[in-house]
Amino acid sequence: MYLSGMGAKRIAVHLNHENIPSPADTKWNNVTILKILRQEKYIGDIRWQKTYSTFMGAKWKINRGEQESYYIRDCLPPIISREDFMNAQTLREKNTRKPHKTNSSPFRGITKCTCGRSFYFRNTEKPLWECSGKYSTVDQCQNPTFLDSDYHKAWNRMCRKLKDHADEVILPCIDLFKLSEECPVSDEILQLRKQAEELSTRKYVLWSLCSQGCITTEKFLTLQNEIDADLEEIEKKLSLMDGQGDEAIDELTSLYRLISGTSSEKLTKKILKRVLSDGRTVEFELMGGLKIKEAL
Ligand SMILES: [Zn+2]
33 MYLSGMGAKR
43 IAVHLNHENI
53 PSPADTKWNN
63 VTILKILRQE
73 KYIGDIRWQK
83 TYSTFMGAKW
93 KINRGEQESY
103 YIRDCLPPII
113 SREDFMNAQT
123 LREKNTRKPH
133 KTNSSPFRGI
143 TKCTCGRSFY
153 FRNTEKPLWE
163 CSGKYSTVDQ
173 CQNPTFLDSD
183 YHKAWNRMCR
193 KLKDHADEVI
203 LPCIDLFKLS
213 EECPVSDEIL
223 QLRKQAEELS
233 TRKYVLWSLC
243 SQGCITTEKF
253 LTLQNEIDAD
263 LEEIEKKLSL
273 MDGQGDEAID
283 ELTSLYRLIS
293 GTSSEKLTKK
303 ILKRVLSDGR
313 TVEFELMGGL
323 KIKEAL
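Residues in the sequence shown are numbered from 33 upward in steps of one, following our numbering.
This is how it looks when you write it as structure tokens:
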């Protein structure tokens, strides 16, 4: 099947579909198929010492040349021909060594244009970024395109700066958030709490009016629903405000830790949230809400 051009994944699907049991008695998957394709025992050969034991035989390690291994030909009855096996190995190598053309970018999907649209990655000979509104007939975007290589340079530059000045940039931000956590609650929060209290009182008054027969049950229920909706809205706002500081402190602390020990290429996935560009500059928004602008 493999030699006829069927991929390991499709073979697994086929075997599962036909209810053919797998060696481990679980479902077939592409890893099992590829493993089987590699095994020389199916052509009647054996390799001794594929694994070896370490630490008094308690642990087994894969022998990657640390120990001698022995290859014995034709000591088992073959299930498949040597030729097919060799062809499958060549095909497998060809499939796995497929040149991986980079048509993706870590900045894809998170690069916004100042016009409100998005910048798109174009994998041309010299990969570049272009606003989706560049050829728009209505409200055409005037921001220029920029090279992907310049984008990466700007990112690496920013990472280097942040790494070198983490103590002066990130630590004061953390302190600021900590300070705002400790300082008395903001006026806005106080206001919201007061509103919530008033609404609760009104609810109680309505209930007593209803129980005394001053208003109908129907009227009471309608008013109560309205009050409950308002209360819910206020509680939502309050919980958002309360949690914000903690979250920012956590994120900034992670950022501080990550920036010193991770390469800038790997950092994109870990610390970068959004990018805003006008084609001349890029503003990186990092975790913890930190924004840093770089020229392109
Ligand atoms: Zn634009």
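We put the beta carbon where it would ideally sit given N, CA and C, even for glycine.
For the options 232, 121, 162, the alpha carbon positioned closest to that of residue 68 is the one of 121. In the DSSP assignment, residue 307 falls within the beta strand (DSSP E) that extends over 304-309. Taking residue 166 as the centre and dropping the five residues before and after it, the same chain places the C-beta of 173 closer than 6 Å to its C-beta, in chain order. Collapsing the DSSP output to three states places residue 288 in a helix. Taking the C-beta atoms as reference points, residue 308 is found nearer than 7 Å to residue 144. Residue 146 places its beta carbon 7 Å or farther from that of residue 162. Ordered along the chain, residues surrounding ligand 1 are 145, 147, 149, 163, 165, 173, 175 [Cβ under 5 Å from any heavy atom]. Distance from the CA atom of residue 139 to the CA atom of residue 291, rounded to whole angstroms, is 18 Å.
Contact between residue 224 and residue 266 holds, with the beta-carbon distance rounding to 5 Å and staying under 8 Å. With 16 or more other Cβ atoms inside 10 Å of its own Cβ, residue 175 counts as buried. In this structure, residue 42 lies away from residue 142, with their beta-carbon atoms at least 7 Å apart. Less than 7 Å separates the beta-carbon of residue 328 from that of residue 186. Under the Cβ criterion (8 Å, minimum of three pairs), the stretch 251-265 does not count as touching the stretch 147-159.
For residue 266, the three-state secondary structure derived from DSSP is helix. Its Cα nearest to that of residue 236, the residue 256 stands out among 60, 278, 256. Taken through DSSP and simplified to helix, strand or coil, residue 78 comes out as strand. For residue 201, the CB contacts under 7 Å within the same chain, skipping 5 residues up- and downstream, are 194 in chain order. With a threshold of 16 other beta carbon atoms within 10 Å, residue 63 falls short and is exposed. Taking residue 300 as the centre and dropping the five residues before and after it, the same chain places the C-beta of 138, 139, 187 closer than 8 Å to its C-beta, in chain order. According to the DSSP assignment, residue 195 belongs to the alpha helix (DSSP H) that extends over 180-196. Per DSSP, the continuous beta strand (DSSP E) segment holding residue 161 begins and ends at 160-163.
Between residue 317 and residue 220, the alpha-carbon positions lie close to 26 Å from each other.
For residue 314, the enclosing beta strand (DSSP E) begins and ends at 313-318.
The beta carbons of residue 189 and residue 326 sit closer together than 7 Å. Where residue 154 is concerned, the enclosing beta strand (DSSP E) starts and stops at 151-154.
If you look at residue 220, you'll find it in the alpha helix (DSSP H) that goes 219-243.
Taking a 10 Å sphere around the C-beta of residue 34, we find 16 or more other C-beta atoms and assign the residue as buried.
Taking the Cα of residue 270 as reference, the smallest distance to any Cα among 304, 234, 226 is reached at 226. Boundaries of the beta strand (DSSP E) around residue 327: 323-327.
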